[in-house]
Structures are given as structure tokens and as C-alpha cells.
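Novice: Please see the structure below; I have some questions.
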Amino acid sequence: KKLNSFLVITAIILAVIFCSQGVVQAAGLTALSVILQDGSGNNLSDATTAVPNTYINFTPSTDINTDDGIQINFASNFNIASVVNGDVTVTQTNTSTDITKGTAAVDTQDLQIPITTEGDTPNGAVSISISGSHITTPTTPGTYTVTVTTWNLGTDGAFGGAGGAADTLEDSGAAALVIGTNQVNIYGTVDPTLSLALSANTCDLGTLSLTDIKTCQYNTTVSTNGRNGYNAYIVADGNLRNGATSITNVSDTNVTPGSEEYGVSSTDSGQQIRQINDANSSGTYTSADCTALNGQAVTAMDADALTTSDKTFGHSSGPVSSSVFTLCHAAGITGTTPAGSYNQLVTITVVASF
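Here's what the structure looks like:
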């Protein structure tokens, strides 16, 4: 009886040992990463956002063979319902023959990828890409888990099943993703700038002549960081005058030698004060044109009248540093222009658009 009892106890112990050796312990995946990227290849972590490309990389501890499977479980806050087989690509490090997947499909929060043919290096690093913008990140910011497992799918080579077709877990691993809580708003301010400098505060026409025109000039220099640039204006306090007597404002387009006329021109184009008439060899109007017209007995100077209302004479369409325009004043008289000292005060203003 003692012998029989010993044999029974020994048999039970051996059975326990053999049974315990038959339990499959899942190994761990290594180098596991889950990367969400936008269409430009930048990492994406915004909440409630369709993800153009998802990349999952890992190295298995157990070979991935024919009729194995890879399952990717996304936390329930992810929406993966729209992922289709065509979105999914699987590759594995290999010498010549790559791994081949079957039809990938979504089961609730699991993306299941059966493997129909193993590669020539079944323990190589695996890369899975999911395109198509069919994964949407959680609506609530937080940290979320993506779990990756590999399976022996049994004799049917498909997920699910019982008996010989039952699935056996091989490897597992998990990665964490931070969604929507990792953004920092950066603020900064650039103060608006606008400056105006006049090259002179007086403009002396000298002694006016019956036979030629007299000119004087000054420059305006403007700097601004206005996004849409600036407009420069000139306005007069009245006519060029001596008491109640005024020199006639130009009424056509130019101040002509031998005529009583007074007006002003600018080196800018397309403004209410017209552009001075003599261009240099490069087609550019410069302050030198005003000097050349001083004492001119033949050539008239293009000009407009100054009034007590603002008129534009300079402009830029964007930010500028030291934008320079020249204003050229010109006058002519006749023998009936009354003698005396004539004067006028003009004011220059600039308005920037920020």
C-alpha cells in the first residue's frame, strides 16, 4: 500500500510538472513605438483629429511565422472604425523575402492583421503603417495606451476559433500616447513703428523770373513696419501769397516758363501730386530732376496745385526702411505779378497701415 501511494503521489507531481511546462508565457515586444503624423510628416498629438499616418514599430521576441497574427488595440477613446485593409501596410526587416499580410480588419478597438507568409527573417523588426486619415484621436486630452500583441492563430490562420484553431498569445507590449495636453501657446508683440524725417524745413524759390521757372526741393524719409505700408500727404495753409495777393495755382498739368503759375511735383508715381517729368537713363525719377529744372526757360515742370486738403505724394505697399521721396516746388511769374515777399506753409503727414 505504501508503495502504491508513493507511485500515485509521484505520478501526480510529474503531471503537475508537465502541465506547468506546457503553459505558454507571453514574451515582451521590444523597441515598441507608436507615432502619429500629419500629412507633412510632423508628429501629431491634437485631440479630436483625423490622423493621416500612424506608424507602429516593434521587434518581436518570438518569430512571426505563417498563420500568426498581429493585433493592435487602441484605447476606447480612439475612433478606428473606418480603418480598412487598404490602409494597412506591414513590413519586416529581411534579407530578400518580406513578410506578407492577409486582410486586416477592425474588431471594436482592435486592428487585427493575419500573417499569410513569413519573411526570411521572422524575428526582424516589424513596421506597420496605417494611412488614410481613418483613425481619430480622443476628444478628451490625456495619456492613452496602444497595446500590441502577436498570436499563433492556430490551424485556421484566422483570429478567433476554438480547439486546434484557437489563438495562442506569443508576444505583447504597450506604448503610451499624450493627446492634447502638450501644447504651449507662445505670445509676442512687435510694437508699431513709423518715422518721418524732412531734409529741410525751408524751401527757397529765390527771386522769381519773368523768363524761367524757379524750383526748390526737400526730401521726405519714412520708415515703418506697417504691414500694408504707408501713404504720405501734403497740405497747404493757403496759396503762395503776399497778404491778399497770391501767385496763381497751376490749373493744367505743368508750370510753364513765362506764366504766373505755382505747383509741386513728387518723385513717386500714381499719386494725387503728379510725378516730376524728367526721368534719368534708368527710367527713375530723382531729386536731380528738380535741380535741373531750376532756371529752365524752355521746359515746363509737371505739377499739381497745393490746396488746403491733403493730397498724396508718396506711397509704399509694405514695410519700408528709409523710403525717400522728393517734393519739388516750382513757380513762374509775368510782368503783372505784384512785387513782394510770398510765402506758404505746408504740412507733411504720413499714415501707416498696420
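Quick note: to get the numbering used here, add 31 to the position in the sequence shown (first position is 1).
Beta carbons: idealized from backbone N, C-alpha and C, even for Gly.
Keep in mind the model is a prediction, meaning the values are calculated, not measured.
(1) Sort out for me which residues DSSP pairs residue 173 with in a bridge.
(2) Could I get the ranges of all uninterrupted beta strand (DSSP E) runs contained in the region 129 to 206, with 3 residues as the minimum, in chain order?
(3) Let's test the definition: count the other Cβ atoms within 10 Å of the Cβ of residue 67 and tell me whether it reaches 16, buried, or not, exposed.
(4) What residue from 337, 297 and 115 has the CA that sits closest to residue 278's CA?
(5) Run the CB neighbour count on residue 138, radius 10 Å, all protein chains shown included, and call it buried at 16 or more, exposed below.
(6) Can you tell me whether DSSP reads residue 330 as helix, strand or coil?
(7) Buried or exposed for residue 324, going by 16 or more other Cβ atoms inside 10 Å?
(8) Taking only the alpha-carbon atoms, compute the straight-line gap between residue 429 and residue 130 and give it to the nearest angstrom.
(9) Are the Cβ atoms of residue 295 and residue 340 separated by less than 8 Å?
(10) Taking residue 322 as part of the alpha helix (DSSP H), name the residues at either end of that continuous run.
(11) Mapping the DSSP letters down to three states, classify residue 59 as helix, strand or coil.
(12) What did DSSP end up calling residue 116 once you bin it into helix, strand or coil?
(13) Going by other Cβ atoms of all chains shown within 10 Å of its Cβ, with 16 needed for buried, is residue 114 buried or exposed?
(14) What span of residues does the beta strand (DSSP E) with residue 125 cover, start to end?
(15) Please report the distance separating the alpha-carbon of residue 290 from that of residue 373.
(16) If you draw a straight line from the alpha carbon of residue 215 to that of residue 88, how long is it in whole angstroms?
(17) When the distance is taken between beta carbons, is residue 263 closer than 8 Å to residue 346?
(18) So residue 255 is in the beta strand (DSSP E); what residue range does that whole segment cover?
(19) Going by DSSP, what residue range makes up the beta strand (DSSP E) through residue 239?
(20) Rounded to the nearest angstrom, what separates residue 326 and residue 288 at their Cα positions?
(21) What whole-angstrom Cβ distance do residue 238 and residue 361 have, given they're in contact under 8 Å?
(22) Note down the Cα distance separating residue 59 from residue 170, rounded to an integer number of angstroms.
(23) Run the CB neighbour count on residue 198, radius 10 Å, all protein chains shown included, and call it buried at 16 or more, exposed below.
(24) With DSSP collapsed to three states, give me the class of residue 25.
Specialist: Let me spell this out:
(1) 210
(2) 136 to 138, 141 to 148, 157 to 161 and 173 to 183
(3) buried
(4) 337
(5) exposed
(6) coil
(7) buried
(8) The question about residue 429 has no answer, for the chain in this structure spans 32 to 385.
(9) no
(10) 319 to 324
(11) strand
(12) helix
(13) buried
(14) Residue 125 -> no beta strand (DSSP E), and no H or E assigned at all.
(15) 16 Å
(16) 28 Å
(17) yes
(18) 245 to 255
(19) No beta strand (DSSP E) contains residue 239, which DSSP labels as neither H nor E.
(20) 9 Å
(21) About 14 Å separates the two Cβ atoms, so there is no contact after all.
(22) 30 Å
(23) buried
(24) Limits of the chain in this structure are 32 at one end and 385 at the other, which puts residue 25 out of reach.
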